[in-house]
Amino acid sequence: MPALSHRGGTVLVTGATGFVGVWIVKKLLESGYQVKCAVRNDSKAQHLKNLFASHLEQLQLTPVGDISDEGVFDEAVKNVSAIIHTASPVHMRANDPEDIINPAVRGTLGILESALRYGSQLERIVLTSSCAAICSQSETNITLSELDWNDPSVQECREKGREALPLSKYSASKVLAEKAAWQFYERHKPEIAWDLTVLNPPWIFGPTLHEVPDFTAINPSWKLWFRAVTQGAEAQLTRPGHGWVDVRDVAEAHVRSLEVATAGGERIIICASQFVWQDWIVVAASMKNLRDHYKIANPVQGTISRAILFDSSKQKEILAIDFHKMEDVVRDSLENFHARGWAV
Numbered sequence: 001m002p003a004l005s006h007r008g009g010t011v012l013v014t015g016a017t018g019f020v021g022v023w024i025v026k027k028l029l030e031s032g033y034q035v036k037c038a039v040r041n042d043s044k045a046q047h048l049k050n051l052f053a054s055h056l057e058q059l060q061l062t063p064v065g066d067i068s069d070e071g072v073f074d075e076a077v078k079n080v081s082a083i084i085h086t087a088s089p090v091h092m093r094a095n096d097p098e099d100i101i102n103p104a105v106r107g108t109l110g111i112l113e114s115a116l117r118y119g120s121q122l123e124r125i126v127l128t129s130s131c132a133a134i135c136s137q138s139e140t141n142i143t144l145s146e147l148d149w150n151d152p153s154v155q156e157c158r159e160k161g162r163e164a165l166p167l168s169k170y171s172a173s174k175v176l177a178e179k180a181a182w183q184f185y186e187r188h189k190p191e192i193a194w195d196l197t198v199l200n201p202p203w204i205f206g207p208t209l210h211e212v213p214d215f216t217a218i219n220p221s222w223k224l225w226f227r228a229v230t231q232g233a234e235a236q237l238t239r240p241g242h243g244w245v246d247v248r249d250v251a252e253a254h255v256r257s258l259e260v261a262t263a264g265g266e267r268i269i270i271c272a273s274q275f276v277w278q279d280w281i282v283v284a285a286s287m288k289n290l291r292d293h294y295k296i297a298n299p300v301q302g303t304i305s306r307a308i309l310f311d312s313s314k315q316k317e318i319l320a321i322d323f324h325k326m327e328d329v330v331r332d333s334l335e336n337f338h339a340r341g342w343a344v
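Residue 55 in the UniProt record's numbering sits at position 55 of the sequence shown, and the numbers go up by one each step.
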């Protein structure tokens, strides 16, 4: 199917007030789109207005309820050309796995069901998934692609329930939500005029734009990054690592996924490169201007193992993102933390 027929159409963004969502909104506005933001919180809605004051004529804020509720997106999907669905639980606090799996799956199916019923002008839906839906914690010395699924985490949750690892519960929610989306899409293909693209980023780092009242409220990956770089607080700085990507590149990938025809119907890994926590310390320590202004942890001794690799060939072929470097992430993130008054 074709990509969006023209820039300037209206794009609905769910999770628009989150870490990734705000950057997507920014990129869409700068690219000339009208943006409809699904919001639940008045304070965060006002933050979007303040942040994008120069684009208010392009910005529409649409209140929505609990994303697990049936029909919550019915009004929001009307009169839009595309949907970017980022809204999904991102935390490690679930006791029962179903506490995070159910809202992830229901939120994803909810937006698709609303699109099926009321998205008469829709051309494409882009779903934000995760590399957590691709790789499990047990995999080592392996290269993974879009053909892989993290079924072990789902199985662990089924077998162990509340005793499953927190990361396995989160990963299972990503697996089951994404599989539900693909199954829905294949089942309803004969009756829809839009197509589906799924993006799978790994760990997402980079400066924050969204409303964060204090350091304790930032997303889990950022707490780990900050503690590793400034305190060396990740106990195993050289342990087998994972993939990473800058949040600004994730936003760029979402916008390109709307515009590139060949992205339709594809599952695409969005990964800049691999890391272990010590890599970030080494990069920060190598930048003298940062060492002079910010507290940087000391590297530790140990053999570094880069056990998980992601095949990014599909991204290069279809989206061709020119990724930010580690130096960009370190510099811009520490400056962002400092500007927010968080001690660095």
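Cβ coordinates follow ideal geometry from the N, Cα and C atoms, glycine included.
Can you list, in chain order, the residues of its chain whose CB lies under 6 Å from that of residue i, leaving out five sequence neighbours each side?
i: S333; result: P207
i: G119; result: V77
i: R256; result: L319
i: G265; result: D195
If you reduce the DSSP assignment to three classes, tell me which class residue i lands in.
i: P63; result: strand
i: S273; result: strand
i: A3; result: coil
i: A251; result: helix
i: D332; result: helix
i: L209; result: coil
i: N219; result: coil
i: L144; result: strand
i: W225; result: helix
i: W203; result: strand
i: R93; result: coil
i: R267; result: strand
i: A235; result: Only weak support exists for where A235 lies, its pLDDT of 49 falling under 50; the value from the coordinates is given anyway. Of the three classes helix, strand and coil, the one that applies to A235 here is coil, per DSSP.
i: D69; result: coil
Which whole-angstrom value is the C-beta distance of residue i and residue j, which I expect to be below 8 Å?
i: V247; j: I204; result: 5 Å
i: S129; j: L199; result: 7 Å
i: A3; j: A261; result: 5 Å
i: E211; j: H55; result: With 8 Å as the limit, E211 and H55 do not qualify as a contact, their Cβ atoms being about 17 Å apart.
i: A181; j: L290; result: Their Cβ separation, rounded to whole angstroms, is 41 Å, which puts A181 and L290 out of contact at 8 Å.
i: K44; j: T17; result: 4 Å
i: A193; j: L122; result: 7 Å
i: G243; j: C271; result: 4 Å
In terms of residue numbering, what span does the alpha helix (DSSP H) encompassing residue i cover?
i: A38; result: Careful: A38 lies outside any alpha helix (DSSP H), inside the beta strand (DSSP E) at Q34 to V39.
i: A180; result: P166 to H188
i: G21; result: F19 to E30
i: I308; result: Careful: I308 lies outside any alpha helix (DSSP H), inside the beta strand (DSSP E) at I308 to F310.
i: E156; result: D151 to K160
i: Y118; result: E98 to Y118
i: N50; result: D42 to L51
i: Q315; result: S313 to I318
Among the residues of its own chain, which have a CB less than 7 Å from the CB of residue i, if the five just before and after it don't count?
i: W342; result: F215
i: G107; result: I67, S68, A87 and S88
i: P97; result: C157, G161, A164, K169 and A172
i: R7; result: S31, G32 and Y33
i: V154; result: A172, V175 and L176
i: N336; result: P207 and T208
i: P213; result: none
i: V329; result: F205, G206 and D246
In the DSSP assignment, find the unbroken beta strand (DSSP E) run with residue i in it and report its ends.
i: V126; result: R124 to T128
i: T10; result: T10 to T14
i: I84; result: A82 to H85
i: G243; result: H242 to D246
i: D195; result: D195 to N200
Looking only at its own chain, which residues have a Cβ that is under 8 Å from the Cβ of residue i, when we skip the five neighbours before and after it?
i: I281; result: A228, V229, G232, L237, I296, A297, N298 and P299
i: N102; result: S68
- Message: Using a Cβ distance threshold of 8 Å, determine whether the segment 11–28 contacts the segment 247–256, with at least three qualifying pairs required.
- Response: Counting Cβ pairs under 8 Å, three or more are found: they touch.
- Message: With three or more beta-carbon pairs closer than 8 Å as the criterion, would you say the segment 321–336 touches the segment 188–198?
- Response: Short answer: they don't touch.
- Is it true that the segment 290–300 meets the segment 217–231, where meeting means three or more beta-carbon pairs spaced less than 8 Å apart? Contact between the segment 290–300 and the segment 217–231 is present, because at least three Cβ pairs lie under 8 Å.
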